[in-house]
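No gaps in the numbering here: position 378 of the sequence shown is 412 in my numbering, and each next residue is one more.
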Amino acid sequence: METLSKSFPPGIGYYKLMSTKDRLDEATGQVKHTLIEAFILVFIVVLLFLQDFRSTIIPAIAVPVAIIGTFFFLMVLGFTINILTLFALVLAIGIVVDDAIVVVEAVHSKMEGTNLTGREATHSAMSEITGAVISITLVMSAVFIPIGFMSGAAGIFYKQFAYTLAIAIIISAVNALTLTPALCALFLKNTHAEGHHSGANGNVGFGKRFTTAFNVGFNSMTNRYIKGIVFLINRKWLATSLVIITIVVAAVAMYRTPKSFVPLEDDGFFVYSLSMPPGTGLSTTTEVAQKINNVLKEIEAIEENTSITGFNMLNNSASSAYGTGFIKLKSKDKRGEIKDIDQIMQVVDSKLSEIKEGSVYTFRQPPVDGYGSSNGAEIVLQDLRSQSPQKLVAQADSLIYALMGIPDVQMAYTTFRADYPQLELEVNEDKAKQLGVSISGLLRTIQTYFSGDQSQDFIRFGKFYRVNIKADGIFRMDEQAFKDIFVKNIHGQMVAANTLVSLHKVYGPEAVSRYNMFNALTINITPKPGVSNGQLMQSVEYILDNRLPSDFKYEWTGLSLEEKSTGNQAILILGLCLLFVYLLLSAQYESYLLPLAVLLSIPTGVIGAFLGIMAVGLDNNIYVQVGIIMLIGLLAKNAILIVEFAVQRRRAGFSIVKSAIDGAQSRLRPIIMTSLAFIAGMIPLVLSAGSTAVGNKSISVSTATGMLTGVILGIFVIPLLYIVFQFLQDKLSGKKQVV
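Structure (structure tokens):
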């Protein structure tokens, strides 16, 4: 456009009201900044726990290695760098360091209080944690495998996001089993054995005092934690009750959370539709549209607006009685007192309600391009008995009246009308046969005269020409034009068309639409601010199921149809994710019972995820669902760290309780470290703004709060679950009980 504008005539220019590229560039830029901020926060958390710059560098190296490797495989899979893949990479920062942290922390634990060198400590640590790292990687990857079975728009969202994460996780695991141990053996020194001191003449620096105080506090917390574990072991009924309550509350929270498909973002753009009385000329519609534009110019938050008359955007039809306007808002910091787009639309609705010449509806575009014409819900009302269009409209008006009485509905409307003045043409078939005139030839001639026909094409002088035949405008203005239309009969004679047809003034629709071969119309339903699309659809279904006669039916269309089908898929995919995790752990532990110690700890995080999004007013949308699937893997990872160590201790001959306590104590630090690193990586997304803020918050709040409750509750529940299921496993296998 910039190049073309140079050849525009004087006084002609252009202005971009909406550009998908601009929104994508803004969102991509925000995610890039978030990527850097997340990396810095994760680095600080790791440094806080490891308290050694050399040790912190090793997990930090895992981040660029995993991300660069992920880009390579994204190219191989044909994915693009878009908002979804960048989201996944931001989340991956807090995940890909996990395996490296586990390795480095295990090496530190081996060197603490011993004379082992870095190489010896690394060898000893890897013999203990290699199985756990492999299990974690398999589980984290397995939760994303069922996503490949999803179809439709939801499948595209899920696949790009989930596969990007899965690739990053696999690369980080390979890194943790190869590069990280090598770096530990090279870089790490046993400062505990060497007895390094900070400062001269006994002076101790702030950093040393801080780390000492941190370690003392953490050790004190660990001791209290072990006492809490022992307390719960002695009162297993309390721990069992906690698990049951957690599962029930998580299920209730999941059910009660409002549902939607893709969250609606504030992209600073919305549309209005102008509907004039039937038969209104284009010039009158244009005058009213200009009047609307003048009103909009007075609103401070609006940067620019324009309109197109003769076009109905809601059903993509041409009509002189309709107009469509496009409104671009200023950036949020320049909108004045009212900054929220929904509140600005309410102000616009109030101003435009003063326009008496026609009806004006404002709406936002759907969050996914190509799925419907507006935000909210869309239904197609179908006439199963092919009755008159007037009866279809009457039924639609009755339903709209009922829908407007629902508290969740802000506006319900249809652009389909059956009261346009028309001329109905009736052919005298008997007379046409007597005169030897073909009915089809007569109708084709009339159609060509009034609406035109592309009769033929030809090529001449190397150019392609298209021939269109149609009467000039002044000769087809009214019914008198039929006197000038003639049609040839079978005898080669010309017969006047007005002797074969009669015209009757009637009222009907400008265009008849069909759906599933039935006469149909579309009803658009906009929810009130704060009402999710899932809540709206549930309320609408209740009204339609109870009020719609048997000779009519309705179906969801657009994004509503996708949301309806996705809801059923999401439940199936969640179940498959848990099944894959269970089967993998069953093979790993050679037991059908021990994996339940991992799976039953997952609700401790799911409850936090749903309570978190409910607390900040978010819906259970596709971003939250992807986050929950990822959270399953992260929570399973924490449980695996404890259970894997406890299983090793049990195989070494220790009692079940001793094994559980040792596993909880030795893996508490890496669990808290990796979990806090992940939560820190989510903070920039939680605080983000812009055109993708709702999506950012949906996935970050759900995963961060889920991880928080999963750690706080899980570290107490997991050892207890291990004791229960290890006891049952030993009893079923006939092994001697050493509790």
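Glycine included, each C-beta is placed from N, C-alpha and C at the ideal position. Given the structure is predicted, the values throughout are model-derived calculations rather than measurements.
| query | result |
| --- | --- |
| Quick check on the burial criterion: 16 or more other C-beta atoms within 10 angstroms. Buried or exposed for Val615? | buried |
| Comparing the CB of Arg451 with every heavy atom of the ligand PLP, is any distance shorter than 7 angstroms? | Annotation note on the ligand PLP: not contained in the displayed structure, which lists no ligands. |
| Excluding the five sequence neighbours on either side, which residues of its own chain have a C-beta within less than 7 angstroms of the C-beta of Ile263, listed in chain order? | Ile695, Ala698, Phe750 and Pro753 |
| Report the rounded CA-to-CA distance for Ile170 versus Tyr576, giving the unit in angstroms. | 45 angstroms |
| Rank Ser767, Leu426 and Ser573 by C-alpha distance to the C-alpha of Leu555 and give the top, closest one. | Leu426 |
| Take Tyr447 as the anchor and find which of Phe397, Ile168 and Ser41 has the nearest alpha-carbon. | Phe397 |
| Terminal residues of the continuous alpha helix (DSSP H) containing Asp764? | Ala727 to Ser767 |
| With DSSP collapsed to three states, give me the class of Met52. | coil |
| Straight-line CA distance for Ile164 to Leu652? | The question names Ile, yet the displayed sequence has Thr at residue 164. Going by the C-alpha atoms only, they are around 39 angstroms apart. |
| For Ile647 and Ser725, what's the separation of their Cα atoms in angstroms? | 19 angstroms |
| Do three or more CB pairs link the region 97-108 to the region 45-58 at distances below 8 angstroms? | no |
| So, helix, strand or coil for Lys788, using DSSP? | Only positions 35 to 773 of the chain appear in this structure, which leaves residue 788 out of reach. |
| Where do the ends of the alpha helix (DSSP H) carrying Asp696 lie? | Ile690 to Val720 |
| Classify Glu71: buried if its beta carbon has 16 or more other beta carbons within 10 angstroms, exposed otherwise. | buried |
| Between which two residues does the alpha helix (DSSP H) carrying Asn580 extend? | Asn567 to Arg581 |
| If you scan the region 53-106 from start to end, which runs of the alpha helix (DSSP H) of 4 or more residues do you find wholly inside it? | 54-84 |
| So does the region 616-630 actually touch the region 715-722, counting three or more Cβ pairs closer than 8 angstroms? | no |
| List the whole-angstrom C-beta distance separating Asp300 from Ile375, where the pair is believed to meet the contact cut-off of C-beta under 8 angstroms. | 5 angstroms |
| Which residues in the same chain as Met52 place their Cβ atom closer than 6 angstroms to its Cβ, once the five residues preceding and following it in sequence are excluded? | Phe303 |
| Would you kindly report the start and end of the unbroken alpha helix (DSSP H) that includes Gly189? | Gly186 to Leu211 |
| Could you tell me which residues DSSP pairs with Gln488 in its beta bridges? | Asn502 |
| His157 by DSSP, collapsed to three states: which one? | helix |
| Identify whether Val776 lies in helix, strand or coil by the three-state DSSP scheme. | Here the chain comprises residues numbered 35 to 773, so residue 776 is not present and cannot be evaluated. |
| Taking Cβ positions, are Ile690 and Gln760 nearer each other than 8 angstroms? | yes |
| Just checking my contact of Val76 with Gly128 at CB under 8 angstroms: how many whole Å lie between their CB atoms? | 6 angstroms |
| In chain order, what are the residue ranges of uninterrupted beta strand (DSSP E) at least 3 long that sit wholly in the region 431-468? | 443-447 and 454-461 |
| In three-state DSSP terms, what is Arg494? | strand |
| State yes or no: is the C-beta of Glu146 within less than 8 angstroms of the C-beta of Gln682? | no |
| Among Ile101, Gln194 and Ser422, which has the Cα closest to the Cα of Asp585? | Ser422 |
| My output table needs one value for Lys385: the three-state DSSP class, helix, strand or coil. | helix |
| Compare the C-alpha of Thr214 against each of Val501, Ile135, Ala284 and Lys193 and name the closest. | Ile135 |
| For Trp590, list the residues DSSP reports as bridge partners. | Ile413 |
| Is the beta carbon of Arg349 sitting closer than 8 angstroms to the one on Thr482? | Arg is not the amino acid found at residue 349; the sequence shown has Asn there. Going by C-beta atoms, Asn349 is not nearer than 8 angstroms to Thr482. |
| Start and end of the alpha helix (DSSP H) containing Ser354? | Segment Ser351 to Leu363 is the beta strand (DSSP E) holding Ser354; no alpha helix (DSSP H) there. |
| Would you decide whether Ala210 is buried or exposed? Buried here means 16 or more other CB atoms lie within 10 Å of its CB. | buried |
| On the three-state DSSP scale, how would you describe Met528? | strand |
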